[in-house]
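Colleague: Dropping the structure in here first, questions after.
There are 2 protein chains.
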Amino acid sequence: MKTPSKTAAPPRRRDAEATREAILVSARKAFAASGYDGAGLREIAAGAGVTAMMVNRYFGSKEHLFAEVVEQTMTQGSLIAGGIMDHPRPGHALAEALVKMTRADVTPVDGFLITLHSASSAAAADIGREKIDAHHLKTVTRALHGKRQAERAALILAVISGFQVMRQMIALPALANADEDVLVRLLAGVFDRLIDPA
Amino acid sequence: MKTPSKTAAPPRRRDAEATREAILVSARKAFAASGYDGAGLREIAAGAGVTAMMVNRYFGSKEHLFAEVVEQTMTQGSLIAGGIMDHPRPGHALAEALVKMTRADVTPVDGFLITLHSASSAAAADIGREKIDAHHLKTVTRALHGKRQAERAALILAVISGFQVMRQMIALPALANADEDVLVRLLAGVFDRLIDPA
DNA sequence: GGCTGAAGTATACATGCGTAGACATATTTC
DNA sequence: GAAATATGTCTACGCATGTATACTTCAGCC
Numbered sequence: 001m002k003t004p005s006k007t008a009a010p011p012r013r014r015d016a017e018a019t020r021e022a023i024l025v026s027a028r029k030a031f032a033a034s035g036y037d038g039a040g041l042r043e044i045a046a047g048a049g050v051t052a053m054m055v056n057r058y059f060g061s062k063e064h065l066f067a068e069v070v071e072q073t074m075t076q077g078s079l080i081a082g083g084i085m086d087h088p089r090p091g092h093a094l095a096e097a098l099v100k101m102t103r104a105d106v107t108p109v110d111g112f113l114i115t116l117h118s119a120s121s122a123a124a125a126d127i128g129r130e131k132i133d134a135h136h137l138k139t140v141t142r143a144l145h146g147k148r149q150a151e152r153a154a155l156i157l158a159v160i161s162g163f164q165v166m167r168q169m170i171a172l173p174a175l176a177n178a179d180e181d182v183l184v185r186l187l188a189g190v191f192d193r194l195i196d197p198a
Numbered sequence: 001m002k003t004p005s006k007t008a009a010p011p012r013r014r015d016a017e018a019t020r021e022a023i024l025v026s027a028r029k030a031f032a033a034s035g036y037d038g039a040g041l042r043e044i045a046a047g048a049g050v051t052a053m054m055v056n057r058y059f060g061s062k063e064h065l066f067a068e069v070v071e072q073t074m075t076q077g078s079l080i081a082g083g084i085m086d087h088p089r090p091g092h093a094l095a096e097a098l099v100k101m102t103r104a105d106v107t108p109v110d111g112f113l114i115t116l117h118s119a120s121s122a123a124a125a126d127i128g129r130e131k132i133d134a135h136h137l138k139t140v141t142r143a144l145h146g147k148r149q150a151e152r153a154a155l156i157l158a159v160i161s162g163f164q165v166m167r168q169m170i171a172l173p174a175l176a177n178a179d180e181d182v183l184v185r186l187l188a189g190v191f192d193r194l195i196d197p198a
C-alpha cells in the first residue's frame, strides 16, 4: 500500500478545472487578507495545494490572476452584484447588507474590499478602477433617477468603500463595535440622500 | 581643488535636525505615493539626500518612522486638524476642503490617505487606527451635538476616507473628472445629514 | 498495455527589501 | 591646533519575491 496513513489530505486527482478553481479561491482569500503586494504566489499556491509555478501556468502572471479574481468577485457574491438596488427601500437595504457583511468575524472577500486593500499597488489600482467602472458603477447608476446620476452613484460607492475601510480594514472601534441598528439607520439616511436628492 | 564642478547639489552641512526633517518630508511623500510596503527605505533616504542607514539611525526602524510620519501629518496640515468643524456651515466647509484637497494634480500628503494607502500592512493599519482614534475622531466628535456622536463622527470620517480613496487612490473617473461644485453640493448634503440629524 | 500529452514539481536566477556592523569624515570643544 | 564625538557612508547578510527552464509523474486513448 502507498502512503498508508495521512489519508486525511488526498492529493486530489489531476484535474485542471478543479485546480484552477482552487487557485482562484485561495487567491481571493489571500488578496482580501493581505492585498495585492502582500499576498505571495507561494502562499496562494500552498492554499490551493500546488506549487507556485502552477499559478503562472494557469493564469500567466500574478497580475492576470488578480484581474480574474477581481472580475469574479465583482460579478458574483458582491454587495452590489445582487439586485439590491431594486429593493423598495434601496437605501435601507443597502445599509443593512453593508453592515452585515462588514462584521468583524466575517472574512472579507468582497471584490470591492480586495481592490481597496490592494490600491497601494499601481497595477492593482488600475485593474480595480476598470472593474468598478465596468460593473458596480453601471449597476448603481441604472437604479438612480434625476440629475447628476454619475456623480451620485460614484458617491454611493465612495460611502460604501469608506465604511468598509473604516469598519473592516482599519477596524475603527467606533464602527467595529457599534450597535448595528444605529449604523443601519445612519447609513440608510446617507444613502437615501444620494439615491433620492429631493 | 576638490570636486570642482557639480556644485549644483551642495551636500548640506551636517545638521541632525535638518536631516531628520528632510527624512520625514521624503518619507511622507513616499508613504503617500506608495503606501507602507511600497515605499522603500533606500527611496526615502535618497529623497532626503542620505543613505538608507540614516533612516534607521534616526528613527530606529521603518515602523517607527511610519508612526512618526502619521502622527505628524494628522496633527498638522490635515483636513480635520484645522478648526474646520467650527465653521458656521461645517458640512459645506468640509466638503469644499475635501474636494479641493483631492484634486488630481495635488500630491496627496494627507495623514488620512497615507493610512488608507498603507492599510494593507497589518502593522501600518494598527498605527493608523490608533492615530485616527486619538486625533481625528476626537476632533470631529467634539463638534457634534445630540445622540450617537461617536457613530456619527466615525461615519463622517468614513465618508471622507471613501471619497479620498475613490477620487485619488482609485481615481474613479466619475469623481476625478466631475464638476467640483456638484461634488461639493452633494457631499455637503451628506455631511449635514450626519452633523445635524434633525 | 504501452505511449503521448497534460499536470505538476524542482531548481535556480535576478532583484529588492530591512537591517546590522565596521568604517570614514566633518563639527565641535577644550 | 588636537582630541572627541556626532554625523554619515560602505559593504554585506539573510530573506522573500515573481518568474523561467528543465524535469518528473500521472491520466486517458488506441
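Taken in order, these protein sequences are the chains called G and E.
Quick note: the first sequence, position 31, residue 31 per full-length UniProt numbering, numbers continuous.
Quick note: the second sequence, position 120, residue 120 per full-length UniProt numbering, numbers continuous.
Each residue gets a CB set at the ideal place from its N, CA and C atoms; glycine is no exception.
With a cut-off of 9 Å, does the C-beta of residue 199 of chain E fall near any C-beta of chain G?
Modeller: Beyond the ends of chain E as shown, which are 1 and 198, falls residue 199 of chain E; an answer cannot be given.
Colleague: Return helix, strand or coil for Leu194 of chain G, following the three-state DSSP convention.
Modeller: Leu194 of chain G falls in the helix class under three-state DSSP.
Colleague: Could you check whether Ala158 of chain G and Gly162 of chain E sit closer than 9 Å to each other, using their CB atoms as the reference points?
Modeller: In contact: Gly162 of chain E and Ala158 of chain G (Cβ atoms closer than 9 Å).
Colleague: Whole angstroms is fine: what's the gap from Lys147 of chain E's alpha carbon to Leu98 of chain E's?
Modeller: Answer to the nearest angstrom: the Cα atoms are 25 Å apart.
Colleague: Would you mind reading off the limits of the alpha helix (DSSP H) that contains Gly146 of chain E?
Modeller: Counting along the chain, Gly146 of chain E falls outside any alpha helix (DSSP H), and DSSP gives it neither H nor E.
Colleague: Quick one: give me the first and last residue of the alpha helix (DSSP H) that Pro173 of chain E is part of.
Modeller: Segment Pro173 to Ala176, the alpha helix (DSSP H) holding Pro173 of chain E.
Colleague: Please state the DSSP three-state secondary structure of Ile84 of chain G.
Modeller: In the structure shown, Ile84 of chain G sits in a helix (DSSP, three-state: H, G or I).
Colleague: What's the C-alpha gap between Met169 of chain G and Arg28 of chain G?
Modeller: Answer to the nearest angstrom: the Cα atoms are 16 Å apart.
Colleague: Can you tell me where the alpha helix (DSSP H) holding Ser121 of chain G begins and where it ends?
Modeller: Ser121 of chain G -> no alpha helix (DSSP H), and no H or E assigned at all.
Colleague: So, with DSSP's three-state summary, where would you put Thr19 of chain G?
Modeller: If DSSP states are grouped into helix, strand and coil, Thr19 of chain G belongs with the helices.
Colleague: List, in order along the chain, the chain E residues whose C-beta lies closer than 9 Å to that of Ser78 of chain G?
Modeller: None at all; the shortest Cβ gap to chain E is about 16 Å.
Colleague: Report all residues from its chain with a CB closer than 7 Å to the CB of Ala119 of chain E; omit the five preceding and five following residues, and keep chain order.
Modeller: Excluding positions up to five away in sequence, the list reads Ala125 and Gly128.
Colleague: Answer yes or no: does any C-beta atom of chain E fall closer than 9 Å to that of Thr51 of chain G?
Modeller: No, its Cβ sits nowhere closer than 9 Å to a Cβ of chain E.
Colleague: Is Val184 of chain E helix, strand or coil by DSSP?
Modeller: Three-state DSSP puts Val184 of chain E in a helix.
Colleague: May I ask you to list, following chain order, the residues of the segment 75-102 of chain E that have a beta carbon less than 7 Å from some beta carbon of chain G?
Modeller: Answer in chain order: no residues at all.
Colleague: For the alpha helix (DSSP H) holding Val106 of chain G, just list the boundary residues, first then last.
Modeller: Neither: Val106 of chain G is in no alpha helix (DSSP H) and is coded neither H nor E.
Colleague: Check the Cβ of Val106 of chain E against every Cβ in chain G and list those closer than 9 Å, keeping chain order.
Modeller: Here the premise fails: no neighbours, minimum Cβ distance about 17 Å.
Colleague: At a CB-CB cut-off below 9 Å, which residues of chain G make contact with His117 of chain E?
Modeller: What His117 of chain E touches in chain G: Ala119 and Ser120.
Colleague: Can you name the start and end residues of the alpha helix (DSSP H) that Met54 of chain G belongs to?
Modeller: Unbroken alpha helix (DSSP H) run through Met54 of chain G: Ala52 to Phe59.
Colleague: Check Leu113 of chain E in the structure and name its three-state DSSP category.
Modeller: In this structure, Leu113 of chain E counts as helix in the three-state DSSP scheme.
Colleague: Tell me which residues of the segment 151-173 of chain G have at least one Cβ-Cβ distance to chain E shorter than 9 Å, keeping chain order.
Modeller: Listed by position, the residues of the segment 151-173 of chain G near chain E (Cβ gap below 9 Å) are Glu151, Arg152, Ala153, Ala154, Leu155, Leu157, Ala158, Val159, Ile160, Ser161, Gly162, Phe163, Gln164, Val165, Met166, Arg167, Met169, Ile170, Ala171, Leu172 and Pro173.
Colleague: Tell me, please, whether the CB atom of Leu137 of chain E is closer than 9 Å to any CB atom in chain G?
Modeller: So, interface residue.
Colleague: Over the uninterrupted alpha helix (DSSP H) stretch that includes His135 of chain E, give me the two end residues.
Modeller: Here His135 of chain E belongs to no alpha helix (DSSP H), and DSSP marks it neither H nor E.
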